[in-house]
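Each residue of the sequence shown is one higher than the one before, starting from 8 at the first, in the working numbering.
Idealized CB from N, CA, C, for every residue including glycine.
Because the structure is a prediction, the values reported are computed rather than measured.
Some notes on the structure that comes next.
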Amino acid sequence: PKSSPGHGPALFPAIEDGEPLKEVIDNVSVALSLPISGLRTTMQGTMGPYFHVGNKLFAVTVRHNLFRPEAGNAEYRHHESRPKKNVVLMGDLAFANYLVSIQAHIGTFLETVKSIERKIKTLTVRVRDRINLPESRTKLDENVAELEKIRRKIDVFKNFYVKIKKRCSKIKQRVIGHVVWAPPISVGVAPHQYTRDLCVVELYKDRFMHLIGNVLSLGPEYTPFKLKGLLYERDDVLSGFKYPEDGLLPLQGILTAEQVKNPDTKNLQGRPVRRVLKRGFTTNTTVGTVTRFMSFSRKYFPTGNLESIELPIIPHENETGTFSKGGDSGSTIVSPLGEFVSLLTGGTNKGTDGSDITYSTMFEWVWELVLAEFPGANLYFEDMAAFLAAPI
């Protein structure tokens, strides 16, 4: 990454499908869904979309990612005369687990090397003894090429591990911005009676010198064929989804509440449904199904239970996992066409490891709040090079 003398090295660029580091890069790249925590808190969450006001860079997340419940629920606005409420890329535990995951990938590659070397040894003998030619020669050449590919991948991962450990091991090296505004968490907020769980972070632009806008990394979890099959299951329903060649889905447009209420596809049984996807810190890329708006009771603080309108997301019926788990709060939920749908605020489960219902707030409503507090806020970057070069 480019150097950024003000606040530390720039985050890594988002990388395309097929690149060696695709499986681990998202935690430290500029694609959406960065794993975040407060410098002095233990909660782990996910950063939502970027926006700018003039030459300043900001991002949205949920308040409960960065504020302890015992700290109260008063509106927070940063004042230059007060200490900053810093936001970091991964808390200490999350960062330690991240390093372990990189090492685990290296370990898997080393085991693969041993397996391929055994195959090469066997095939070398077969070729020498002219057994099952030319198939043995073809397989030998294929395995030699695969061995070289895996060894190069090991080198890439080892260099990446050293670089990350050197640049990010101290938590202060992972500070990427600070909270500038967080309204109180509230339910039944007028005029839509929705849940308000929102926080705005001003990001240090020199750490985002590789920013390419609001793009969602679809990650390595799904093949293009598998993902399209989950989003649009029937051949008799038109699909506007095209898997981006680089695996990065650009976001454009905000779905309204009225649009969300109207399903845009059908499941295998012919029932009208609306599919959505998200990428979060804990569960990575997942596909879910929007259900109708509903009112439910949630208790954030000792003020009692209050009713609020949420947009619930249930897991896809053909997936065994959940749509979200703890640590995914703040994730941007989007349509298959890359439209902003909602901001993930939490979930509920019945003894399962994860959320059988994920709750979210319509992004249309979230953006209304942001625009009221930050006039001129814009989710889109017409000239990214000029924006990144412009002084604050």
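Between the beta-carbon of Leu46 and that of Asn93 there is about 4 Å, and that keeps the pair under the 8 Å contact cut. Cys206 is bridged by DSSP to Thr68.
With 16 or more other Cβ atoms inside 10 Å of its own Cβ, Ala21 counts as buried.
Of Lys249, Thr355, Val377, Pro382, the smallest CA-CA separation from Ala66 is found for Val377. Counting C-beta pairs closer than 8 Å gives fewer than three between the region 72-81 and the region 138-154, which falls short of the contact rule. No residue range can be given for Lys29, since it is assigned to no alpha helix (DSSP H) and is classified by DSSP as neither H nor E. Taking Met301 as the centre and dropping the five residues before and after it, the same chain places the C-beta of Ile316, Glu317, Pro319 closer than 8 Å to its C-beta, in chain order. Under DSSP, Trp372 forms no beta bridge with any residue.
Taking the CA atoms as reference points, Arg203 sits about 32 Å from Asn274. When secondary structure is reduced to three states using DSSP, Phe232 falls in the helix class. Contact between Thr368 and Phe330 does not hold, since the beta-carbon distance rounds to 15 Å and is not under 8 Å. As a beta-bridge residue in DSSP terms, His185 pairs with Asn93, Glu209. Between the region 328-342 and the region 275-293 there are three or more inter-stretch CB-CB distances shorter than 8 Å, so the stretches are counted as touching. In this structure, DSSP gives Leu238 a helical state, which the three-state scheme calls helix.
In this structure, the straight-line span from the alpha carbon of Val37 to that of Asp213 is close to 12 Å. One thing to note: Leu258 has its Cβ within 8 Å of the Cβ of Phe347. C-alpha of Ile161 to C-alpha of Leu117: approximately 8 Å in a straight line. DSSP places Phe347 inside the beta strand (DSSP E), whose first and last residues are 347-355.
Inter-residue distance for Glu82 and Ile192 is about 9 Å (C-alpha atoms, whole angstroms). Taken through DSSP and simplified to helix, strand or coil, Arg47 comes out as coil. In this structure Asp335 is buried. Its beta-carbon is surrounded by 16 or more other beta-carbon atoms within 10 angstroms. His59 is bridged by DSSP to Leu64, Asn385. The beta carbons of Pro16 and Arg174 sit about 5 Å from each other, so the pair counts as a contact at 8 Å. With respect to Arg181, Leu96 sits close: the two C-beta atoms are nearer than 8 Å. Shown here for Gly226: same chain residues with a beta carbon closer than 7 Å to its own, the five before and five after excluded, namely Asp33, Arg286, Asn291, Thr292 in chain order. Taking every protein chain shown into account, the CB of Lys332 has 16 or more other CB atoms within 10 angstroms, so this residue is buried. Around the beta carbon of Phe102, 16 or more other beta carbons lie within 10 angstroms, which makes this residue buried.
Here the alpha carbons of Tyr211 and His14 stand approximately 7 Å from one another.
Within the same chain, Cβ atoms closer than 6 Å to the Cβ of Gly383 are found at Val60, the five residues on either side in sequence being excluded. Phe388 and Val187 have their C-alpha atoms roughly 21 Å apart.
In the DSSP assignment, Ser224 falls within the beta strand (DSSP E) that extends over 222-224.
Within a 10 Å sphere around the beta-carbon of Val169 sit fewer than 16 other beta-carbons, which makes this residue exposed. In this structure Leu256 does not touch Met391 by the C-beta definition: roughly 17 Å separates them, more than the 8 Å allowed.
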